[in-house]
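Novice:
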Amino acid sequence: STVICVFEKDSILIDEDLLANSARSLETLVSVGMKLGVATRKQSEIDL
Amino acid sequence: MGHASSKGLPDASEEDSSRLSRLKQKLHINRNHHHRQRLRRIFRRSHGNSSGSSGSCLKLVSAEDFAGIALLTLVSAEMKFKDKWLACVSLGEQTYRTEISDQTEKPVWNSEKKLLLERNGPHVARISVFETNRISKNNIVGYCEIDLLEFLTQDSDSDFEVFELFDPSSSDIVVGKISLSCSVEDPIETEKSFARRLLSIVDYNQDGRLSFSEFSDLIKAFGNQVAANKKEELFKAADKNGDGFVSMDELADLLAIQQEKEPLINCCPVCGEILGVSDRLNTVVHLSLCFDEGTGNEAMTGGFLTDKEASYGWMFKLSEWAHFSSYDVGLNFGSSASHILVFDRKTKRLVEELIDGKIVMSMRALYQSKIGLCLMDSGAKEILYKISEKQGRKMNSAESAEDIPKFVEFFKDQIKLDEVKYPLEHFKTFNDFFIRELKPGARPIAFIERDDVAICAADSRLMAFKNLEDSLRFWIKGRKFSIQGLLGKEICPSTFVDGALIIFRLAPQDYHRFHFPVSGIIDQFVNVPGNLYTVNPIAVNSEYCNVFTENKRVISIISTAEFGKVAFVAIGATMVGSITFLKKEGDYVNKGDEFGYFSFGG
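In order, the protein sequence lines correspond to chains B and A. Here the first sequence stands for residues 1 to 48, where the numbers follow this note's numbering. Here the second sequence stands for residues 1 to 602, where the numbers follow this note's numbering.
1) Which bits of chain B does Leu-384 of chain A rub up against, with CB to CB less than 9 Å?
2) Spell out a yes or no on whether the stretch 105 to 112 of chain A and the stretch 149 to 165 of chain A are touching, meaning 3 or more CB-CB pairs, one atom from each, closer than 8 Å.
3) Would you say Ile-555 of chain A and Gly-602 of chain A are within 8 Å of each other, going by their C-beta atoms?
4) Check the Cβ of Lys-565 of chain A against every Cβ in chain B and list those closer than 8 Å, keeping chain order.
5) Which residues does DSSP pair with Ala-125 of chain A in a beta bridge?
6) Could you list the residues in the stretch 66 to 86 of chain A with a C-beta less than 7 Å from some C-beta on chain B, going in chain order?
7) Beta strand (DSSP E) containing Lys-177 of chain A: first to last residue?
8) Check the Cβ of Ile-503 of chain A against every Cβ in chain B and list those closer than 7 Å, keeping chain order.
9) Is it buried or exposed for Pro-423 of chain A, if we count other Cβ within 10 angstroms and need 16 for buried?
10) What does the Cβ neighbour count give for Arg-443 of chain A, buried or exposed, with the cut at 16 atoms within 10 Å?
11) Taking Ser-170 of chain A as the reference, give the member of A:Ile-257, A:Lys-177, A:Tyr-143 and A:Phe-160 with the closest Cα.
12) Are three or more beta carbon pairs between the stretch 433 to 440 of chain A and the stretch 466 to 479 of chain A nearer than 8 Å?
13) Going straight from the alpha carbon of Gly-244 of chain A to that of Ser-211 of chain A, what length do you get?
14) What separation, rounded to the nearest whole angstrom, lies between the Cα atoms of Asp-459 of chain A and Asp-239 of chain A?
15) Look at the Cβ atom of Phe-548 of chain A, then the Cβ atom of Glu-8 of chain B, and state whether they are nearer than 8 Å.
16) Does the stretch 16 to 27 of chain B come close enough to the stretch 580 to 595 of chain A to have 3 or more Cβ pairs within less than 8 Å?
17) Check the Cβ-Cβ distances between Leu-341 of chain A and every residue of chain B, and say whether any is below 8 Å.
18) Chain B beta carbons: is any one of them nearer than 8 Å to that of Phe-598 of chain A?
19) Taking Leu-462 of chain A as the query, report the chain B residues whose CB atoms sit under 7 Å from its CB, ordered along the chain.
20) Residues bridged to Ile-503 of chain A by DSSP?
21) According to the neighbour-count rule (16 or more other Cβ atoms, all chains shown, within 10 Å of its Cβ), is Arg-393 of chain A buried or exposed?
22) Could you please give the first and the last residue of the uninterrupted beta strand (DSSP E) stretch that includes Ile-571 of chain A?
23) Classify Asn-139 of chain A as helix, strand or coil using the three-state DSSP reduction.
24) Within the same chain, show all residues whose beta-carbon is closer than 6 Å to that of Asp-523 of chain A, passing over the 5 residues directly before and after it, in chain order.
25) Just verifying my parser: in three-state terms, what is the DSSP assignment at Ile-265 of chain A?
26) Does DSSP put Asp-65 of chain A in a helix, a strand or coil?
27) In or out: Glu-262 of chain A buried (at least 16 other Cβ within 10 Å) or exposed?
28) Whose CA, out of A:Val-174, A:Gly-242, A:Leu-582 and A:Leu-71, lies closest to the CA of Phe-516 of chain A?
29) What residue range does the alpha helix (DSSP H) around Phe-525 of chain A cover?
30) Does Ile-404 of chain A come out as helix, strand or coil in the three-state DSSP assignment?
31) DSSP three-state call for Asp-593 of chain A: helix, strand or coil?
32) Can you give me the start and stop residues for the beta strand (DSSP E) that Ile-14 of chain B sits inside?
33) Any idea if Asn-536 of chain A is buried or exposed, counting beta-carbon neighbours within 10 angstroms, 16 or more meaning buried?
34) Taking just the CA atoms, how far does Leu-254 of chain A sit from Ser-200 of chain A?
35) Leaving out five residues before and five after Phe-496 of chain A in sequence, what residues of the same chain have Cβ atoms less than 7 Å from its Cβ?
36) Along the chain, where does the alpha helix (DSSP H) that runs through Thr-549 of chain A open and close?
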């Protein structure tokens, strides 16, 4: 089984490590609650 | 026994060639030594004494240990009234059936089936003809029994024979006639067709030849450690013309020659059965039949009505979930094991997820080949659904709870029992355990106070893409994939077109509850019925299969202040097709809250 989440265009800045692995066609093992990304609307205010 | 009442006449112009062909076909079953010598001479004259695979077939197999593939064709029947007819052939424990004919007195099926004939195995085929117009069930009208070994050794010039059909309640009453033909497949053709099938399965780019890496996968799947260790050497030996690839003929030659001196194939890549090292013909026969099973190449279908039947074929091995019933995955890994590489975000290391080689082979055969596509069109979708429903019933039974300790032991490195909310005794069925809850705090939520930070929705293997184009470039190869296709017509896709796409794939051992990745209000749920293909990367990476847009799924839309709308798509898969939600439309939810779970069922 699989869950797919679709976000509106330009609404999320996905964590770079997840994107980098995916761009190598490599899945990343994750757990519930791990950070996925940040809303772009508040990106300028956020320093994580 | 059946009574041949008339004979068909061959076309005069084809008589010579068809006689020679029949003689060759009967080569392996004739019990008369002198006659066999004569046949051997005919065979030599027509084929020469060439090297390679044809040469190796001059070695005769004695009738005592005969094993061969008989091609039985149910051609047509003449009945005494009009109906829609189907015919069944049973041999030993196997039963196959034709399609249903038109409404007629003279049904025509032309249905073929390859059957294994062994000297000490069953060889009397029972053929039954059913009328199908009854609403409640099919009704047997006539039957006959035919000794196939006897039939094949008869000296006949005809391509088919006609047998009387008897009333099942009285064998004195003839209710019709049936025409059928039966021939033994030429062993050379058996070997070639086997090589062709093998090649098509590992020939991932479908260029009709094997690269070294494709060849390596094949050798690994044979389960022979010795061969796996010297695959470079074998590849060079096979690649006779030195072009860096192994063609179908080169592969057939390698298998024929190598299997004689040092067998390559120790176990069947489809069913995993250990094969006798000294009996080459039986090996090829076994593999040919096993690879044919359920491919849709044959006109007659087996139906897979029972567990036993299903487990014989590769139908049951179409997903990594298959071992919930057998627990055989991983136990015989050896050189047949394959793996999927995954990057563990927590340990920042690459880890290998082992998956049984024969399952990889079967899944590739089904999801990444044109043969598989035909299979899907010929009823495999329904079978996947039935298997899943049946598995659901089984996993909801009290007896299934007995499997929990075995399952935990099997995945002992990956299931942390100290995280599970209740002790094992609490779970009354396997499904109960499968949808186990975790203790509070077992999954810390990142930046819990910040709703502008999204989190992972499931314990899973994740792929993330900024947009559809990237997802198609790096991962989803199904030709029909689109955001519109994924979300369906009911949900306005324009909001999501070109949006980011996150895929969470759950494996059998994972915690199977999914959580909210964002905080907001649930706007709506939309059920989309569909198939239950596997969601394994092998299927997702196949251009022939569109698992995400064709599988059964439920789409929910969450309205958030920080991300706008987020579509959450829960997709069922083979075996695990049941999707349950713990929230309803209009609920306000916090990121990290439980949203629902997947469980066994259709």
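Every residue gets a Cβ at the ideal spot worked out from N, C-alpha and C, and that includes glycine. If you're wondering where the values come from, they're calculated on a predicted model, not measured in any experiment.
Specialist: Based on what the coordinates show:
1) On the second sequence, residue 384 of chain A is found 384 positions in, with the first residue counted as 1. What Leu-384 of chain A touches in chain B: nothing, since even the nearest Cβ is about 14 Å away.
2) no
3) Within the second sequence, numbered from 1, the residue matching residue 555 of chain A stands at position 555. Within the second sequence, numbered from 1, the residue matching residue 602 of chain A stands at position 602. Cβ distance not < 8 Å, so Ile-555 of chain A and Gly-602 of chain A don't count as in contact.
4) For the purposes of this step, residue 565 of chain A is taken as the residue at position 565 of the second sequence. Glu-8, listed in chain order.
5) In the second sequence, residue 125 of chain A corresponds to position 125, counting from 1. Per DSSP, A:Ile-146.
6) none
7) For the purposes of this step, residue 177 of chain A is taken as the residue at position 177 of the second sequence. It spans 170 to 184 - the beta strand (DSSP E) in which Lys-177 of chain A sits, taken as one unbroken run.
8) By one-based count along the second sequence, residue 503 of chain A stands at place 503. Those within 7 Å of Ile-503 of chain A in chain B are Thr-2 and Ile-4.
9) The count along the second sequence starts at 1 and reaches residue 423 of chain A at position 423. Counting Cβ neighbours within 10 Å, Pro-423 of chain A comes out exposed, since fewer than 16 surround it.
10) Numbered from its first residue, the second sequence carries residue 443 of chain A at position 443. Arg-443 of chain A should be labelled buried.
11) Counted from its first residue, the second sequence places residue 170 of chain A at position 170. Of the candidates A:Ile-257, A:Lys-177, A:Tyr-143 and A:Phe-160, the one whose C-alpha sits nearest the C-alpha of Ser-170 of chain A is A:Tyr-143.
12) They do not touch, by the three-pair rule.
13) Taking the first residue of the second sequence as position 1, residue 244 of chain A is located at position 244. Taking the first residue of the second sequence as position 1, residue 211 of chain A is located at position 211. In a straight line, the C-alpha of Gly-244 of chain A is about 7 Å away from that of Ser-211 of chain A.
14) Against the second sequence, residue 459 of chain A aligns to sequence position 459. Against the second sequence, residue 239 of chain A aligns to sequence position 239. C-alpha separation (whole angstroms): 45 Å.
15) Looking up residue 548 of chain A in the second sequence gives position 548. Looking up residue 8 of chain B in the first sequence gives position 8. No, they are not a contact pair.
16) no
17) In the second sequence, the residue the question calls residue 341 of chain A occupies position 341. Yes, contact with chain B.
18) Counted from its first residue, the second sequence places residue 598 of chain A at position 598. So yes, Phe-598 of chain A belongs to the interface.
19) Along the second sequence, read from residue 1 onward, the residue named residue 462 of chain A stands at position 462. Under the 7 Å cutoff, chain B gives Leu-18, Glu-27, Thr-28 and Val-30.
20) Against the second sequence, residue 503 of chain A aligns to sequence position 503. According to DSSP, which records beta bridges pairwise, Ile-503 of chain A is partnered with B:Ile-4 and A:Met-463.
21) Working through the second sequence from its first residue, we reach residue 393 of chain A at position 393. Arg-393 of chain A comes out exposed.
22) One-based indexing of the second sequence puts residue 571 of chain A at position 571. Segment 564 to 571, the beta strand (DSSP E) holding Ile-571 of chain A.
23) Here residue 139 of chain A refers to the residue found at position 139 of the second sequence. Asn-139 of chain A: strand per DSSP, three-state reduction.
24) The residue labelled residue 523 of chain A in the question sits at position 523 within the second sequence. Cβ neighbours of Asp-523 of chain A beyond the five flanking positions: Ile-557 and Ser-559.
25) As a working note, residue 265 of chain A is residue 265 in the second sequence. Ile-265 of chain A falls in the coil class under three-state DSSP.
26) Translated into the one-based positions of the second sequence, residue 65 of chain A becomes position 65. Summary for Asp-65 of chain A: the model assigns pLDDT 46, below 50, so the residue's position carries little reliability, and this model does not support an answer.
27) What you label residue 262 of chain A is simply residue 262 of the second sequence in a count that begins at 1. Counting Cβ neighbours within 10 Å, Glu-262 of chain A comes out exposed, since fewer than 16 surround it.
28) For the purposes of this step, residue 516 of chain A is identified with residue 516 of the second sequence, where counting begins at 1. Among A:Val-174, A:Gly-242, A:Leu-582 and A:Leu-71, the Cα nearest to that of Phe-516 of chain A is on A:Leu-582.
29) Residue mapping note: residue 525 of chain A aligns to position 525 of the second sequence, counting from 1. Premise fails: Phe-525 of chain A lies in the beta strand (DSSP E), 520 to 528, not in any alpha helix (DSSP H).
30) Position 404 of the second sequence holds residue 404 of chain A. Three-state DSSP puts Ile-404 of chain A in a helix.
31) Taking the second sequence and counting its residues from 1, one reaches residue 593 of chain A at position 593. In the structure shown, Asp-593 of chain A adopts coil according to DSSP, grouped into three states.
32) In the first sequence, the residue the question calls residue 14 of chain B occupies position 14. Ile-14 of chain B -> beta strand (DSSP E) spans 12 to 14.
33) Start at 1 with the first residue of the second sequence, and residue 536 of chain A comes out as number 536. Buried: at least 16 other Cβ atoms inside 10 Å.
34) Translated into the one-based positions of the second sequence, residue 200 of chain A becomes position 200. Translated into the one-based positions of the second sequence, residue 254 of chain A becomes position 254. Each residue's alpha carbon lies about 16 Å from the other.
35) For the purposes of this step, residue 496 of chain A is identified with residue 496 of the second sequence, where counting begins at 1. Contacts found: Ile-483, Leu-487 and Ala-567.
36) Taking the second sequence and counting its residues from 1, the one referred to as residue 549 of chain A is at position 549. Counting along the chain, Thr-549 of chain A sits inside the alpha helix (DSSP H) bounded by residues 547 to 550.
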